[in-house]
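With the numbering used here, letter number 162 in the sequence shown gets 172, and the count goes up by one each step, no holes.
No residue lacks a Cβ here, since even glycine has one placed at the ideal position from N, Cα and C.
Bear in mind the structure is a predicted one, so any value in this text is a computation, not a measurement.
Quick notes on the structure that follows.
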Amino acid sequence: MLKSKGIIKNRNGKAYRYFTDYITNDFTTMANLSSSEYVKACWNRYQQNCPQKTNAVNGTIFEYIIETALYNRGILPMFTQASVAFVPNANFDILLYTDMNFPIGLSLKTSLRERYKQADLEAIALKYVHRRALNYLITLSGDEADNVKEKISNGTLLGINKVITADTVEFDDLCDELSSYSFVEPGKIDIIESGFVIKSDEENL
């Protein structure tokens with residue numbers, strides 16, 4: 011299902027096998043859940059059932075969970091592992107491009123520690139080129155999120171608009187906000203360079 015929906019290119023990775031074996035082999039059957047409930051259910055299945063976990067696989071699983079959550083909400087097309095023209099040394103876990111000609115960047119971190127700093131630098135770089143760009147940092151660590159929210163509030167961080175804890179109503183609100191936009195593929199200029207593009211079923215035909 012991950013491959014047929016365009017979430018991944020091939021089925022060879024550990025994260026793909028773990029997602030399919032321990033979470034679900036058809037994430038669309040969980041589309042009745044709210045976005046935050048979906049994240050919580052998927053992450054709990056992974057934590058409870060997967061016998062071998064590494065930080066790298068944890069991160070990839072989290073990316074798949076967020077991507078499939080957005081897919082279930084019809085927030086498409088989305089660009090994964092993407093960079094933007096004229097924004098050097100910045101790679102985004104997910105980029106969305108609105109029909110109003112500005113991008114929305116999503117950085118996905120299971121935990122934040124000091125990694126929010128890199129996310130903020132990339133967000134600043136994106137806003138330098140695209141003044142209306144929005145940037146959201148999505149995590150599973152509520153305690154760390156509170157710390158970063160304070161840094162945003164006091165002006166220490168300048169690029170990130172919001173920090174979102176994925177298994178709370180904050181993520182539902184973010185998905186509602188994203189659903190209010192119409193997203194498109196950029197025009198002839200290669201504004202977004204992506205490892206892969208996830209589209210709706212109709213666009214994949």
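{"Asked": "What residue range does the beta strand (DSSP E) around V158 cover?", "Found": "Here V158 belongs to no beta strand (DSSP E); instead the alpha helix (DSSP H) covers G152 to S163."}
{"Asked": "Below 8 Å between beta carbons: does that hold for Y26 and L12?", "Found": "yes"}
{"Asked": "Measure the beta-carbon distance from I82 to F37 and round it to whole angstroms, keeping in mind my assumption that it falls under 8 Å.", "Found": "The question names Ile, but residue 82 in the sequence shown is Asn. Sure, about 7 Å apart at Cβ, within 8 Å."}
{"Asked": "Taking 8 Å as the threshold, find out whether the segment 98-107 comes into contact with the segment 124-143 through three or more Cβ pairs.", "Found": "yes"}
{"Asked": "Counting only the same chain and skipping the five closest in sequence on each side, list residues whose C-beta sits under 7 Å from that of E73.", "Found": "D103 and L118"}
{"Asked": "Report yes or no: do three or more beta-carbon pairs, one from the segment 189-198 and one from the segment 64-79, lie closer than 8 Å?", "Found": "no"}
{"Asked": "Considering only the alpha carbon of each residue, which of M40, A79 and A92 lies closest to V207?", "Found": "A92"}
{"Asked": "Y146 lies in the beta strand (DSSP E); which residues open and close that run?", "Found": "L144 to T149"}
{"Asked": "Quick check on the burial criterion: 16 or more other C-beta atoms within 10 angstroms. Buried or exposed for K138?", "Found": "Here residue 138 turns out to be Tyr, not Lys, going by the sequence shown. When all chains shown are included, Y138 counts as exposed."}
{"Asked": "Give the secondary structure of Q62 by DSSP, where H, G and I count as helix, E and B as strand, and everything else as coil.", "Found": "coil"}
{"Asked": "Would you call the CB atoms of S44 and D182 closer than 8 Å?", "Found": "yes"}
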